[in-house]
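Undergrad:
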Amino acid sequence: SFWPIILTELFRVIEHVFTEAPADGSDDLALLLSACKFLDLLLVLQTQEFQIQQWMFITDTIDAVYRPEDWTPESLLDQLAEMVTNLPEHKTSDGKSKSLQMVSYAVEAEFNAPSTLRRPFLGFVKQIGSIKDLLDFFSRISMVSYESIYGLGAVDWDAVEKGLMAEMFQGGVEEVADGTS
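If you're matching positions, the sequence shown starts at 49 in the numbering used here and goes up one per residue.
#1: Around the Cβ of residue 110, are there at least 16 other Cβ atoms within 10 angstroms (buried) or fewer (exposed)?
#2: Could you check how far apart the C-beta atoms of residue 106 and residue 189 are, in whole angstroms? I think they sit under 8 Å.
#3: On the CB-based measure, 16 or more other CB atoms within 10 Å of its CB, does residue 141 come out buried or exposed?
#4: Return the CA-CA distance between residue 114 and residue 70, expressed in angstroms with no decimal places.
#5: Out of 58, 65, 86, 167, state which residue places its alpha-carbon closest to the alpha-carbon of residue 216.
#6: Do residue 165 and residue 201 come within 8 Å of each other at the CB atom, strictly closer than that value?
#7: Can you tell me whether residue 168 is buried or exposed, with buried defined as 16 or more other CB within 10 angstroms of its CB?
#8: Please state if the CB of residue 72 and the CB of residue 177 are separated by a distance shorter than 8 Å.
#9: Which value, in whole angstroms, describes the spacing of the CA atoms of residue 49 and residue 90?
#10: Per DSSP, what kind of secondary structure is residue 60 in: helix, strand or coil?
#11: Could you tell me which whole alpha helix (DSSP H) segments of length 4 or greater appear in the segment 163-210?
#12: Based on Cα-Cα distance, which residue from 122, 205, 102, 207 lies nearest to residue 194?
#13: Taking DSSP as the reference, what is the three-state secondary structure of residue 82?
#14: Applying the criterion that 16 or more other CB atoms from any shown protein chain within 10 Å of the CB defines a buried residue, is residue 135 buried or exposed?
#15: Does DSSP put residue 119 in a helix, a strand or coil?
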């Protein structure tokens, strides 16, 4: 079984962010995005091997939805959400926040999609410019995962397949959705 190696490396990549946040546009940021996309897929698929370990990465109890007053994050992604929230905003020369709007839009659209099906939220995100671009994912994945599992949501296999095809063949979202790739 490769699970001990996979989980150790996934944990290592995410935990490294706490000691040294990846610089905007760096290879470490791309590695973090890949780790988050893999974790996102694992949370959707809910394989038996991963379910017993997911508590390290997300809050998988009712606390994910109804947080007690004295709640402190224990899982890695909940801790990352707090850390990233407290990072200073990067500003451009004109004083505006620097962020990839397409990433925020893609993640927001997936989190708000009216569906009972479980689907990856980062499935079509190709790159991010800053760790702040993952804040919605870090902040909401525990709650959304908990609600979809206990709401008996089935896996949206079509969305999983399209996301994997887009990732493997580097096609755009439109190409994969239209079947023209």
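Just so you know, even glycine gets a beta-carbon here, dropped at the ideal spot from N, CA and C.
TA: By the coordinates alone:
#1: exposed
#2: 6 Å
#3: Because residue 141 sits at a pLDDT of 43, beneath the cut-off of 50, its placement in the model cannot be relied upon, and the point is left open.
#4: 31 Å
#5: 86
#6: yes
#7: buried
#8: yes
#9: 16 Å
#10: helix
#11: 183-198
#12: 102
#13: helix
#14: exposed
#15: coil
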